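For what it's worth, this note's numbering labels the leading residue of the sequence shown as 48, then goes sequentially. Think of the CB as a built atom: it goes at the ideal place given N, C-alpha and C, for glycine as much as any other residue. Quick caveat, the model's predicted, so the values are computed rather than measured. Okay, so here's the structure we're looking at.
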Amino acid sequence: MNKVVWVFASLLLFSLASGCRKDQQEDNAGLGGTQFSEEAPTGETQSAARPRKRISSFENQPVIYDKLEPNHFAILAGRFKDRSRAIQRFRELRQQRINNYIYEAEPGTFLVLIGHFYSRSQAERKLAYLQKRNFKDLEIYSSGNE
Numbered sequence: 048m049n050k051v052v053w054v055f056a057s058l059l060l061f062s063l064a065s066g067c068r069k070d071q072q073e074d075n076a077g078l079g080g081t082q083f084s085e086e087a088p089t090g091e092t093q094s095a096a097r098p099r100k101r102i103s104s105f106e107n108q109p110v111i112y113d114k115l116e117p118n119h120f121a122i123l124a125g126r127f128k129d130r131s132r133a134i135q136r137f138r139e140l141r142q143q144r145i146n147n148y149i150y151e152a153e154p155g156t157f158l159v160l161i162g163h164f165y166s167r168s169q170a171e172r173k174l175a176y177l178q179k180r181n182f183k184d185l186e187i188y189s190s191g192n193e
């Protein structure tokens with residue numbers, strides 16, 4: 048029982064010492080990854096201040112690689128000369144919950160790739176799965192063929 052009281056007291060002291068107001072503790076509870084921007088009250092009481100705006104810290108930004116591991120495999124979802132078209136394809140796939148990345152194979156050539164596979168058979172299994180889900184125009188890409 049003594050340990051329970053000690054843990055509760057230390058948590059209470061920690062929350063008080065953190066400088067976090069009670070309303071911030073309630074707002075931030077269970078919101079992993081969401082942050083709030085502070086708006087300074089302009090002479091108003093705290094209760095009359097406007098609510099804070101939510102800012103998402105997890106944005107869907109494309110990942111662009113300039114080098115891949117040699118002799119690894121991936122699934123090629125698009126080959127583009129224009130970076131903006133590659134980013135557009137990246138976002139289309141992410142909206143369908145397909146993790147992918149952009150690889151700049153050479154200056155001015157952008158490949159949209161899915162997965163990092165150590166063997167061709169692993170890549171073929173994933174390709175078959177994606178084709179069953181109606182993803183067309185996909186092929187196996189080998190980083191050793193550059």
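Residue i, enclosing beta strand (DSSP E) - first and last residue
{"i": "I161", "result": "156-164"}
{"i": "I187", "result": "186-189"}
{"i": "R194", "result": "Past the edges of the chain, shown from 48 to 193, lies residue 194, and the structure says nothing about it."}
From the options, residue whose alpha carbon lies closest to that of residue i
{"i": "R130", "options": "K50, V51, V159, N147", "result": "V159"}
{"i": "I145", "options": "Q135, G162, K114", "result": "G162"}
{"i": "K183", "options": "L140, F157, G155, T156", "result": "L140"}
{"i": "T156", "options": "Q143, K114, V54", "result": "K114"}
{"i": "N118", "options": "Q143, V54, A170", "result": "A170"}
CB contact flag (residue i, residue j, <9 Å)
{"i": "F127", "j": "A133", "result": "yes"}
{"i": "L123", "j": "Y188", "result": "yes"}
{"i": "S166", "j": "E116", "result": "no"}
Straight-line gap, residue i to residue j (C-alpha atoms, nearest Å)
{"i": "N181", "j": "V52", "result": "58 Å"}
{"i": "E153", "j": "G125", "result": "15 Å"}
{"i": "F164", "j": "L185", "result": "15 Å"}
{"i": "F137", "j": "V110", "result": "9 Å"}
{"i": "S57", "j": "N49", "result": "12 Å"}
{"i": "I149", "j": "S168", "result": "22 Å"}
{"i": "K179", "j": "R172", "result": "11 Å"}
{"i": "Q135", "j": "Q143", "result": "13 Å"}
{"i": "L174", "j": "N147", "result": "13 Å"}
Delimiting residues of the alpha helix (DSSP H) encompassing residue i
{"i": "I134", "result": "130-142"}
{"i": "E153", "result": "No alpha helix (DSSP H) contains E153, which is instead part of the beta strand (DSSP E) from 148-153."}
{"i": "R167", "result": "167-179"}
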